[in-house]
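Those protein sequence lines, which keep their order, are chains A and B. So the first sequence is numbered by this note's numbering: it starts at 54 and just counts up by one. So the second sequence is numbered by this note's numbering: it starts at 54 and just counts up by one. For each residue, glycine too, the CB sits at the ideal point set by N, CA and C. Comments concern the structure below.
Number of protein chains: 2
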Amino acid sequence: MDIKKTYSISELAKEFDVTTRSVRFYEDQGLLHPTRRGQTRIFSSKDRVRLKLILRGKRMGFSLAETKELFDLWDETLSGNEKQLLLMLDTLANKRAQLEQQKNDIAQAEMEMDTAEARCREALAELQKKKRQQTKAKQEEPESIEQK
Amino acid sequence: MDIKKTYSISELAKEFDVTTRSVRFYEDQGLLHPTRRGQTRIFSSKDRVRLKLILRGKRMGFSLAETKELFDLWDETLSGNEKQLLLMLDTLANKRAQLEQQKNDIAQAEMEMDTAEARCREALAELQKKKRQQTKAKQEEPESIEQK
DNA sequence: AAAATACTTTACGTTTACGTAAACTTTATC
DNA sequence: GATAAAGTTTACGTAAACGTAAAGTATTTT
Chain A
54 MDIKKTYSIS ELAKEFDVTT RSVRFYEDQG LLHPTRRGQT RIFSSKDRVR LKLILRGKRM
114 GFSLAETKEL FDLWDETLSG NEKQLLLMLD TLANKRAQLE QQKNDIAQAE MEMDTAEARC
174 REALAELQKK KRQQTKAKQE EPESIEQK
Chain B
54 MDIKKTYSIS ELAKEFDVTT RSVRFYEDQG LLHPTRRGQT RIFSSKDRVR LKLILRGKRM
114 GFSLAETKEL FDLWDETLSG NEKQLLLMLD TLANKRAQLE QQKNDIAQAE MEMDTAEARC
174 REALAELQKK KRQQTKAKQE EPESIEQK
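Have a look at this one:
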């Protein structure tokens with residue numbers, strides 16, 4: 054069984070390499086909704102998915118507030134009226150535009166890194182050419198060794 | 054002349070839609086290096102490029118510290134020894150890996166947004182189907198109007 | 001049953017990236 | 001020459017996203 058039904062806080066923390074502090078913080082901010090057994094948190098696989106989404110969002114530069122907004126909107130959307138659905142579609146379109154911008158940024162950055170890398174390699178080649186010439190010089194004039 | 058040689062702080066701020074406070078902060082953190090005329094800052098086109106890079110970095114989720122590191126590294130690299138060049142190449146490789154991760158994240162997000170949007174559209178279609186049926190019912194039983 | 005382990009709440013501390021206000025100087029405009 | 005506009009420094013404030021104790025509870029292991 055790959056998909057357990059419930060998770061402890063430390064299981065999730067270990068799996069996604071975050072601290073338990075972070076997980077509790079995400080709950081505090083309303084992004085996760087674990088149930089309790091006594092006072093101990095019990096996380097569902099839905100919570101697990103959301104944690105994954107939170108972290109991916111972070112890597113993509115989304116704030117927790119933004120991610121929460123999406124979560125909330127989605128939850129309302131599922132049983133929502135027309136207005137809610139249209140709002141969700143609109144939000145999705147906006148996010149898509151944001152992703153397009155990011156893709157452009159990444160493409161630009163990659164191009165610039167290409168030229169940066171090329172310059173580095175040229176400079177390296179130059180240095181190594183000089184080195185070889187020095188070695189050559191030594192081989193052709195071994196009296197420099199004899200003089201020692 | 055599209056490329057002026059120098060810029061005032063408010064020119065740059067307006068062009069890139071940031072506050073002068075931010076620009077001063079970036080200088081304070083060592084990311085920009087304007088010269089002075091009296092005590093007034095004068096920014097070069099190099100500064101302008103760097104500001105552009107700073108902002109793109111931000112959109113890509115880079116911290117100012119990360120961006121500064123790259124700037125500093127690059128400046129040292131240009132006139133650098135072999136060690137510096139190799140370090141730069143290594144750093145570039147790392148950044149590339151980071152961008153790959155981001156591209157994956159974006160692709161994943163786009164797929165999920167596709168299915169989310171599809172669900173929205175289905176739900177909308179359902180709602181509008183219901184609406185049409187109500188309209189039809191009214192047309193077929195106009196006595197409901199007469200009863201008013 | 002004692003000790004170790006995992007979990008909890010409460011609460012103050014920290015870093016990043018600025019916002020905002022105060023008080024002042026320099027430059028442009030009427 | 002007064003006034004407005006743009007610039008400056010200094011400095012305190014703030015939101016986000018946790019870090020880091022402290023002090024207590026609950027459970028598991030020996």
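Are the region 61-80 of chain A and the region 104-111 of chain A touching by the rule of at least three beta carbon pairs closer than 8 Å?
-> Contact holds between the region 61-80 of chain A and the region 104-111 of chain A, because three or more Cβ pairs, one in each stretch, are under 8 Å apart.
How about A:D158: is its C-beta nearer than 7 Å to some C-beta of chain B?
-> With respect to chain B, the C-beta atom of A:D158 has a partner C-beta closer than 7 Å.
From B:R112 to A:Q187, what does the alpha carbon distance come to, in whole angstroms?
-> Approximately 47 Å, taken between the alpha carbons.
Less than 7 Å separating the beta-carbons of A:L123 and B:E135?
-> Not in contact: A:L123 and B:E135 (Cβ atoms no closer than 7 Å).
Name the chain B residues whose beta carbon is nearer than 8 Å to that of A:Q155?
-> Against A:Q155, the close residues of chain B are R112, M113, Q155, I159, in the order they occur along the chain (beta-carbon pairs closer than 8 Å).
Would you give the residue range spanned by the alpha helix (DSSP H) that A:T144 belongs to?
-> Unbroken alpha helix (DSSP H) run through A:T144: 135-193.
Option nearest A:L65 by Cα separation, candidates A:T88, A:Q92, A:D100, A:E170 | With distances taken between Cα atoms, A:L65 lies closest to A:D100.
Just confirm the distance between the C-beta atoms of A:C173 and B:M164, as a whole number of angstroms; I'd bet it's less than 8 Å.
-> With a Cβ gap of about 36 Å, A:C173 and B:M164 do not count as contacting.
Alpha carbon of B:D125 to alpha carbon of A:L138, nearest angstrom = Cα-Cα distance, rounded: 48 Å.
Give the straight-line distance between the Cα atoms of A:A118 and A:E129, rounded to the nearest whole angstrom.
-> Just so you know, the alpha carbons of A:A118 and A:E129 end up roughly 16 Å apart.
Anticipated Cβ contact below 8 Å, B:L84 with A:A169, distance rounded = Between A:A169 and B:L84 the Cβ distance is about 18 Å, and since that is not below 8 Å, they are no contact.
Using a Cβ-Cβ cut-off of 7 Å, state whether A:E175 counts as contacting chain B.
-> Chain B, which has no Cβ nearer than 7 Å to the Cβ of A:E175, makes this no.
Anything in chain A within Cβ reach of B:K148, meaning under 7 Å, just list it in chain order.
-> Using a Cβ-Cβ cut-off of 7 Å, B:K148 is close to M166 of chain A, given in chain order.
Straight-line gap, A:R94 to B:R94 (C-alpha atoms, nearest Å) | Taking the straight line from one Cα to the other gives about 55 Å.
B:T120, buried or exposed, once every other Cβ within 10 Å from all chains shown has been counted against 16 = Answer is buried; the Cβ neighbour count reaches 16.
Counting along the chain, where does the beta strand (DSSP E) carrying A:S97 start and finish?
-> Counting along the chain, the beta strand (DSSP E) containing A:S97 begins and ends at 93-97.
Give the single residue among B:R109, B:Q161, B:A176 whose Cα lies nearest to the Cα of B:V71.
-> B:V71 has its Cα closest to that of B:R109, out of B:R109, B:Q161, B:A176.
Cα separation between B:D143 and A:R89?
-> About 47 Å.
Give me the Cα-Cα distance between A:L131 and B:Q161, rounded to the nearest whole angstrom.
-> Rounded to whole angstroms, A:L131 to B:Q161 spans 21 Å at the Cα level.
CB contact check: A:E193 to chain B, cutoff 7 Å | For A:E193, no CB of chain B lies under 7 Å from its own CB, so it is not counted at the interface with that chain.
Secondary structure at A:T73, three-state DSSP: helix, strand or coil?
-> Looking at A:T73 - three-state DSSP - the assignment turns out to be helix.
Closer than 6 Å by C-beta to A:L152: which residues in its own chain qualify, once you throw out the five before and the five after it? Chain order, please.
-> When the five nearest sequence neighbours on each side are left out, no beta carbon in the same chain lies closer than 6 Å to the beta carbon of A:L152.
Thinking C-alpha only, which one of B:D167, B:G114, B:T59, B:S97 is nearest B:Q154?
-> Taking each of B:D167, B:G114, B:T59, B:S97 in turn and checking the Cα distance to B:Q154, the smallest one comes out for B:G114.
Name, going along the chain, the residues of the region 83-110 of chain A whose beta-carbon falls closer than 9 Å to a beta-carbon of chain B.
-> So the close ones are L106, R109, G110.
Inter-residue Cα distance where the pair is B:E175 and B:K182 | So the alpha carbons of these two residues sit roughly 10 Å apart.
Using a C-beta cutoff of 7 Å, does B:E129 count as contacting chain A?
-> Between B:E129 and chain A, the shortest Cβ-Cβ separation is not below 7 Å.
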